[in-house]
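Student:
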Amino acid sequence: TGAWSAIRSALLTEQNPAVVAELVRSLGKLNPKNSADQAGQAADLASMAIPALNVLKKNDNADAYLRQAAVQSLVTMTENPCDLLAAFEEHKKDYDTPAVRLGLVLALRKLQCRRLGEFLNDSDPRVVTEAARAIHDQELTVPMEALAELASKPGLPEAVVFRALNANFKLGGESAARRLAEYATRT
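In this note's numbering, the protein residues as written are 1135 to 1321.
1. Considering Cα atoms alone, identify which of Glu1224, Leu1179, Lys1192 and Asp1256 is closest to Lys1163.
2. How would you call Tyr1229, buried or exposed, if buried means at least 16 neighbouring beta carbons within 10 angstroms?
3. Measure the CB-CB distance between Leu1281 and Ala1298 and report whether it falls below 8 Å.
4. According to DSSP, simplified to helix, strand and coil, what is Arg1248?
5. Tell me the rounded alpha-carbon separation between Gly1289 and Ala1144.
6. Classify Gln1255 as buried or exposed, calling it buried when 16 or more other Cβ atoms lie within 10 Å of its own Cβ.
7. Taking just the CA atoms, how far does Val1276 sit from Ala1198?
8. Let's see if you can read the secondary structure: which residues bound the alpha helix (DSSP H) around Pro1259?
9. In the DSSP assignment, find the alpha helix (DSSP H) that holds Met1182 and state where it starts and stops.
10. For the alpha helix (DSSP H) containing Lys1226, list its first residue and its last residue.
11. If we call anything under 8 Å between Cβ atoms a contact, is Gly1237 one with Leu1190?
12. So, are the CB atoms of Arg1201 and Asn1193 less than 8 Å apart?
13. Could you tell me the boundaries of the alpha helix (DSSP H) in which Met1278 lies?
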């Protein structure tokens, strides 16, 4: 649409962070789920997500307000959380940075995505911590086992360890008890 092109063009040249935040938020309102044609939503989302991914990458976690605007845009334009992850995977070669992955985890948290466990082994501790917070605090059952397994992994941030231990308490069972006992002997 004309509005889409105008906003995307403005995002390429705009330098004012407050204006960029409003522009990227506007993109979320021009999303595939608001169109009459629902076929091919994942493909549409892949192209619609590019400006928000660009904002996340360029911002590089420098401005939390700008990151939140990009995250909100991704959330607003996404109907199915797995579609957002598929859109990222389609463009991963260009956007696989800690800042983009953190923004993606924040968006997937709001969408309560069952695939958040995939970020628990990320190379960036901030991404791992945010994924652990999302799984634990939202009580997402599918990735809870993956979070509980982190109790066996030494050297994690305290926020992750706390949630991994508590995930074991929530899950219960023999394997959870074994992980808790192993952790107790290490500390």
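Backbone N, C-alpha and C fix where the C-beta goes; we use that ideal spot for every residue, glycine too. Note that the structure is a prediction, hence the values are computed from the model and not measured.
Tutor: On the basis of the coordinates in this document:
1. Leu1179
2. buried
3. yes
4. coil
5. 44 Å
6. Checking the displayed sequence, the identity of residue 1255 turns out to be Asn instead of Gln. Result: exposed.
7. Each residue's Cα considered, the two are about 29 Å apart.
8. Pro1259 to Asp1271
9. Gln1175 to Asn1193
10. Lys1226 to Tyr1229
11. yes
12. yes
13. DSSP places Met1278 in the uninterrupted alpha helix (DSSP H) bounded by Thr1275 to Glu1283.
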